[in-house]
Amino acid sequence: MLLGVAAIIVGVAALAWAADQFVIGAARVALIRNVPSLVVGVVIVGFGTSAPELLVSALAVLDDNTAVAVGNVVGSNLANLTLLLGIGAVIVALTVESRTVRLEAPLVLAATIAFALAVQGGIQRWEGVLLVAGLAGSLVVIARKPGAEPTDAVGDDVIELADAEHHRFGVEVGRTVAGLVATVATAQLLLWGAMRVADETGLSGGFVGVTLVAVGTSLPELVTVIQSARRHETDLIVGNLLGSNLFNALAVGGVIGILGAPPLDDTSLTIVGAGAAVVAAGLATIAMATRRTVTRTEGIVLIVAYVATIPLLT
3 MLLGVAAIIV
13 GVAALAWAAD
23 QFVIGAARVA
33 LIRNVPSLVV
43 GVVIVGFGTS
53 APELLVSALA
63 VLDDNTAVAV
73 GNVVGSNLAN
83 LTLLLGIGAV
93 IVALTVESRT
103 VRLEAPLVLA
113 ATIAFALAVQ
123 GGIQRWEGVL
133 LVAGLAGSLV
143 VIARKPGAEP
153 TDAVGDDVIE
163 LADAEHHRFG
173 VEVGRTVAGL
183 VATVATAQLL
193 LWGAMRVADE
203 TGLSGGFVGV
213 TLVAVGTSLP
223 ELVTVIQSAR
233 RHETDLIVGN
243 LLGSNLFNAL
253 AVGGVIGILG
263 APPLDDTSLT
273 IVGAGAAVVA
283 AGLATIAMAT
293 RRTVTRTEGI
303 VLIVAYVATI
313 PLLT
C-alpha cells in the first residue's frame, strides 16, 4: 500500500507541474501566433487544465475501470465549483465582469445535466458522440456570441498570465510538447497508484475516482486559481473552472462513451455524485446571472459543502 500512496503523491505533484507547463506553453504559442486571447482563455486554457481528467479517464476505461473514469469526471466537476471556487473566493472575493464567463455558466449547467443523464444507463457510443458534438457547439456559441468583444476581462487576464511577448516561439513549442508527454506519463502513474490503494484497502473504484483521482487531476485548476487569485484575475478563475467543467462533462464524458465503457450500478456515484455536480453548476449559473460575485464567506460555505458531500459518495 505504501508503494501505491507514494505513486499517488509523486503522480499528483508531477501531474500538476506537467499540466501547468502544457497550458502555459500552449497559451504562449497561440498568443505569439496571434490567436485571439479570448479564444486562448476559453479553449486552450479550458482544454489544457482538463487534459489530466481526459487522459486518466481514458486510461481507466481501457483498463476496465469505468467507475474510476466516471468518478473522476463527477469528482473533478464537483471539486471545481465547490472546493476550488471556494479556495479562490477565500483568497480574494470573486467578481465577474466578463460576459463570456457569464455565458459559460448556463452552458456548463446544460452540459452537466447531459452528462448526469447519460451516465445513468451507461454512456453509449452515440451518446458519447453527441456529448463531443455538444462541446463543439458550445465553443462556437461562446466564440460567436453576438456583441461579444474580441477580448474581454478573460482575454486580458490570459495575456497577463501567459506574458507571451517575452518568450520565444520554439522554446514554448518544446514546453508544450514536453508538458503533454509528461502529463500522459504522470496520469498513468496516478491511476496505477490509486488502483493499488483501492485494491489493498477495499475501497470502491468509484470512491477512489471521485476523491483521490479527481482531486489529483484537479490540481492544474488549483494552480491556476492560486496564481490568478494572487493577481486578482477573478474572471480567469471563474472562467477557468467553468471551462474545465464544460470540457470534463462533454469531452471526457464523450470519450468515456466512445471507448465503450460498460454501465455502472454505483448509485452513490451516478445519482448522488452526478446530482451534486448539477446542483453546484446550478448555483454557479444563478450567481453569474444575478450578483456576479462570490464572497469570502460564500467561499468558506462552498468548501464546507464539498467536505460534507464526500461521505455521501461512499
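The sequence shown runs contiguously to residue 316 in the working numbering.
C-beta: ideal position from N, C-alpha, C; glycine also.
Taking the C-beta atoms as reference points, Thr-68 is found no nearer than 8 Å to Ser-246.
Glu-106 is classed as buried because its beta carbon has at least 16 other beta carbons within 10 Å across all chains shown. Annotated as proximal: Ala-216 and Ala-81, with beta-carbon spacing under 8 Å. Val-296 is bridged by DSSP to Leu-96.
In the displayed model, Gln-190 falls within a helix according to three-state DSSP. In this structure, the CA atom of Ala-180 is about 11 Å from the CA atom of Ala-28. The segment 293-302 makes no contact with the segment 73-80, as fewer than three CB pairs between them are under 8 Å. Annotated as distal: Val-42 and Leu-56, with beta-carbon spacing of 8 Å or more. Here Gly-211 is not near Ile-10, since their CB atoms are 8 Å or more apart.
Counting only runs that start and end inside the segment 264-292, the alpha helix (DSSP H) elements of at least 4 residues fall at 276-291. Straight through space, the alpha carbons of Ala-283 and Glu-99 are spaced by roughly 19 Å. Between Gly-259 and Leu-182, the gap from beta carbon to beta carbon reaches 8 Å or more.
Per the Cβ contact rule, the segment 104-119 is in contact with the segment 234-251 (3 or more Cβ pairs under 8 Å). In the DSSP assignment, Ala-231 falls within the unbroken alpha helix (DSSP H) covering 221-232. The shortest CA-to-CA distance from Asp-65 to any of Ala-278, Ala-263, Ala-291 and Pro-313 is the one to Ala-263. Residue burial annotation: Pro-222 is buried, with at least 16 other C-beta atoms found within 10 angstroms of its C-beta.
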